[in-house]
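Here's the structure we're looking at; comments come further down.
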Amino acid sequence: MQKGLEDTRPKAAAGIALMVAGVACLSANDAFAKTLTADYLPIQILFIRNLIALPVAALIAWKMGGTAALRTTRPAAHLVRGTIWIAAATLFFTSLSYLGLAEATVLIFAAPVFITALSALVLKEHVGWRRWSAVLVGFLGVLIVVRPGASTFQAASLLPVLTALLYAVLMISARWVDQRETVWTLMFYLTGAGTLLSALVMPFVWTPLRLEDLWLFVGIAVVGTAGITMMTQAFRFAPAAVVAPFDYTALIWATLMGWLFWNEIPDAMTWVGAAVIIASGAFIVWRESRVAKAV
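If you want this note's numbering, it's the 1-based position in the sequence shown plus 3.
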């Protein structure tokens, strides 16, 4: 028994390290996007990011799953998922033009709350009173950060909330895809669908690229793809209950980057709301792991 425990520790440590590194990359991705939104529309940023990332995603899918990972039996499902993802990313990048990086990141943490609620309401999965209580607490945390009706309320703060909802829909929509398809296939087709859909509007919104911005576009593609890849691998090394809570280290990175580059410092109520949302999400992950073991 003790030997088995010792055997799992290195894998768990590797999973945690990958999760933290992946989250740091995605936080850098958001910082790059926030910088670029000053001169480019979010949809153009996404188009260029996906165009650069697509060959990388194809290579990773081929390397991890062979040519089979590049084929799908549900192209329509991937197209729908791509539409959801583009909408979510566009909303989030738009919010970065108005909100601090940390504040927008905090509200994204509501995604596990939405996933749990949608699992019960849409997929008709059983969700016990403990997880429903956590969902309600999570929504309370969102209200603390958004503060509707207060003088400090910003309509833009609703955009990351909508992003979290669409992200939850995206996660649940994975059920529409053939279960035999690997996570690498999902990543490849999500990037491909995002490239195709965003390309359709480029003739109407294109802004010529400035030479000094090229490194930012390359950077957002590199760190975004690296972040998703590392986070995906993290779940292969260790159980979700072990690595998922480290997703919340994004708040540390977002706060640090927001302070360094834009002199942004979240107010006290944002921190209080963040604590409530994180506690709710962490409990949901823990509780789901307990339920999965009991089944």
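Note that beta-carbon positions come from the ideal geometry of N, C-alpha and C, so glycine has one too.
My understanding is that alanine 105 touches glycine 261, with C-beta atoms under 8 Å, so please give their C-beta distance in whole angstroms.
Glycine 261 and alanine 105 do touch by the CB rule: their CB atoms are close to 5 Å apart, below 8 Å.
Can you round the beta-carbon distance between alanine 191 and alanine 90 to whole angstroms, since I take them to be within the 8 Å contact cut?
One point to set straight first is that residue 191 is phenylalanine, not alanine, in the sequence displayed. With a Cβ gap of about 20 Å, phenylalanine 191 and alanine 90 do not count as contacting.
Apply the 10 Å Cβ neighbour rule to isoleucine 48 and answer buried if 16 or more other Cβ atoms are within range, or exposed otherwise.
With 16 or more Cβ atoms within 10 Å of its Cβ, isoleucine 48 is classed as buried.
Quick one: Cα of lysine 127 to Cα of lysine 14, how far?
34 Å
If contacts are defined as beta-carbon pairs under 8 Å, then isoleucine 280 and valine 109 qualify, I think. What distance do you get, rounded to the angstrom?
6 Å
Rounded separation between alanine 285 and isoleucine 51 - CA only:
Distance between the alpha carbons of alanine 285 and isoleucine 51: 34 Å.
One question on the structure: do tyrosine 43 and threonine 198 come within less than 9 Å of each other, judged by their Cβ atoms?
no
Kindly list the residues whose CB is nearer than 6 Å to the CB of alanine 56, restricted to its own chain and excluding five residues on each side of it in sequence; keep chain order.
Thr194, Ala224 and Thr228
Simplified DSSP assignment, three categories, for leucine 14:
The question names leucine, but residue 14 is lysine in the sequence shown. Helix at lysine 14.
Sequence-distant residues of the same chain with beta carbon closer than 8 Å to serine 176, five excluded per side
Ala80, Val83, Arg84 and Ile87
Any beta carbon from chain B within less than 9 Å of valine 83's own beta carbon?
Going by chain labels, chain B is absent from the structure shown, which holds only one protein chain.
Out of Phe249, Ala196 and Leu263, which one is the CA nearest neighbour of arginine 77?
Nearest to arginine 77 by alpha-carbon distance, out of Phe249, Ala196 and Leu263, is Ala196.
For histidine 81, the three-state DSSP class (helix, strand or coil):
Histidine 81 sits in a helix when the DSSP states are folded into three classes.
Run the CB neighbour count on methionine 4, radius 10 Å, all protein chains shown included, and call it buried at 16 or more, exposed below.
Summary for methionine 4: the model assigns pLDDT 45, below 50, so the residue's position carries little reliability, and this model does not support an answer.
Local conformation of isoleucine 268 per DSSP, three classes
coil
Beta-carbon proximity list for leucine 306, same chain, < 7 Å, skipping 5 on both sides
The requested residue 306 does not occur in the structure, where the chain is confined to residues 4 to 298.
Hey, how far is the Cα of leucine 212 from the Cα of glycine 103?
25 Å
How many Å lie between leucine 189 and alanine 244 at the Cα?
Near 22 Å, if we compare the C-alpha coordinates of alanine 244 and leucine 189.
In chain order, what residues of the same chain lie with their CB nearer than 6 Å to the CB of alanine 123, ignoring the 5 residues before and after it?
Val130
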